[in-house]
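Heads up: the structure comes next, in structure tokens.
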Ligand code: GLN
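Numbering (full-length UniProt numbering), first residue to last: 30 to 483.
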């Protein structure tokens, strides 16, 4: 039924870069047989899922939304992919994304934009717009995203779906094509909080293949989501981050957020304002750290190891082939980031740019720690605006970057954060998201709040 739905709707939505019909049906049959044979299967066995094209899939193309990896077929599965397969989850295919996960609208995909199912003229968020659009278009009930600065939560918010960035290190990065390794984190996307929790527990856990994987028990997110469904938040201390309001926030988003605060109060939560002053510097710090790491990570696309190779006719030097390949294979946003990152890391500028950004990062972590002394969770709108029109910010990188104003601090601090649907804006009728943030390894706290609120 989901493959049929994709066939009916994807010409308009363009959520998928690759639909793996055969692989999906084979996996579904395997689960059917296991069930018939009376074998124990996981809670999500047989449930279809849309996988962001940043995760490697053995034998199935993985492009990361880039021409430089066009035609590349990975010889191995990412840990997330492997865990999904082992749990009997049916991977329908690979979803569209901003090239190398750099963007907030999926317009930076080398394979054309994805459209928001709520209004096809609008963006579905990014970089994981394909995954969130697949959920909103009822093409799949589950999806996987990755969140470096907001790419799970912001697409979730603007498509009316649930998106979770777990604690950094909670889900393995092995086989996740790297953008900014100290920020990248994979997580679950779904249409309900409980579905996201079930998926979270399947993909999370220690992995020796990822040196930053946390060797600790997976937070009990399913139990917390079930507890939250009872709708009682008595005594829970909720902090409203004052930095995330005011200029640049649409009225419809602000009103939705006020309504969410009232609803959480009705559920028994104690709510007060909290100031995190260094969050004002999160965006500039992120746009130095993420490009710096990307300029290093993307050096591996050297025309020798993967996919595309341009101009290798026997007359050119290695350097020339490398340069021609990177010129043709990377899109404008990726090139912009490589240039910013290389500049920020160059001797003479390193301390002023990269060094300062790292100091801001420490201050942000300290602001979170102080706030969590007084509050169990923090909340804010997920995004300052609802989904904008395709093309509206395409030539204005600064306007595009602002879509992640509220989501970036959690990446810099490594703390978990999620977006849960918060109704429709009374301005334009588009979905709005409520962001819930928790301390590291306390992912279950935000699931409880989100399930009660949902
Ligand atoms: N929009 C942000 C960026 O362009 C975040 C992307 C992400 O989380 N992958 O870098």
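Quick reminder that beta carbons are idealized off the backbone N, C-alpha and C, glycines included.
Source: prediction; values computed, not measured.
- By the Cβ rule, the region 229-243 counts as touching the region 189-204, because three or more pairs are nearer than 8 Å.
- Non-local beta-carbon contacts of residue 263 in its own chain, meaning distances under 7 Å to residues more than five positions away in sequence, involve 297 in chain order.
- If you draw a 10 Å sphere on the C-beta of residue 248, you find 16 or more other C-beta atoms in it, and that means buried.
- If you draw a straight line from the Cα of residue 100 to the Cα of residue 225, it comes to about 31 Å.
- Going by C-alpha positions, residue 164 is about 23 Å away from residue 253.
- The three-state reading of DSSP puts residue 205 in strand, counting E and B together.
- Straight-line spacing of the CA atoms in residue 96 and residue 129 works out to 10 Å.
- Ranked by Cα distance from residue 328, the first of 359, 81, 104 and 405 is 359.
- If you draw a straight line from the Cα of residue 305 to the Cα of residue 400, it comes to about 7 Å.
- Between residue 191 and residue 449, the C-beta spacing is below 8 Å.
- Residue 303 is a Cβ neighbour of residue 407, given a cutoff of 8 Å.
- Secondary structure of residue 218 (DSSP, three-state): strand.
- In the structure shown, residue 98 adopts helical secondary structure according to DSSP, grouped into three states.
- Between the region 78-96 and the region 173-191, the count of Cβ pairs shorter than 8 Å is three or higher; the stretches touch.
- In this structure, residue 122 and residue 49 form a Cβ contact; the two beta carbons are roughly 5 Å apart against a cut-off of 8 Å.
- Note: residue 299 is bridge-paired with 266 in the DSSP secondary-structure output.
- When the beta-carbon positions are compared, residue 395 and residue 435 stay at least 8 Å from each other.
- In this chain, the beta strand (DSSP E) harbouring residue 446 covers 446-453.
- In this structure, the ligand GLN has a non-hydrogen atom nearer than 7 Å to the beta-carbon of residue 433.
- Non-local beta-carbon contacts of residue 141 in its own chain, meaning distances under 7 Å to residues more than five positions away in sequence, involve 43 in chain order.
- Residue 197 and residue 109 have their alpha carbons spaced roughly 15 Å apart.
- Annotated as distal: residue 133 and residue 168, with beta-carbon spacing of 8 Å or more.
- Per DSSP, the continuous beta strand (DSSP E) segment holding residue 77 begins and ends at 77-81.
- Relative to the non-hydrogen atoms of the ligand GLN, the Cβ of residue 319 comes within a distance shorter than 7 Å of at least one.
- Out of 259, 414 and 211, the CA that lies nearest to the CA of residue 451 is found in 414.
- Cβ contact annotation for residue 70 (same chain, cutoff 7 Å, sequence separation greater than five): 60, 63, 64 and 117, in chain order.
- Residues 198 of the same chain have their beta carbon placed closer than 6 Å to that of residue 241, with the five preceding and five following residues left out of the count.
- Between residue 221 and residue 483, the C-beta gap is smaller than 8 Å, which places the two residues in contact.
- Scanning its chain for C-beta atoms nearer than 8 Å, with the 5 sequence neighbours on each side dropped, one finds around residue 91 the residues 82, 83, 84, 85, 98, 101, 102, 103, 123 and 206, in chain order.
- Contact between residue 178 and residue 315 holds, with the beta-carbon distance rounding to 5 Å and staying under 8 Å.
- Distance between residue 136 and residue 340, taken at the CA atoms: about 28 Å.
- The DSSP-derived three-state label of residue 193 is strand.
- Within a 10 Å sphere around the beta-carbon of residue 277 sit fewer than 16 other beta-carbons, which makes this residue exposed.
- The continuous alpha helix (DSSP H) containing residue 183 extends over residues 182-188.
- Rounded to whole angstroms, residue 260 and residue 290 show a C-alpha spacing of 14 Å.
- The ligand GLN approaches residue 155 closely enough that one of its heavy atoms is under 7 Å from the residue's Cβ.
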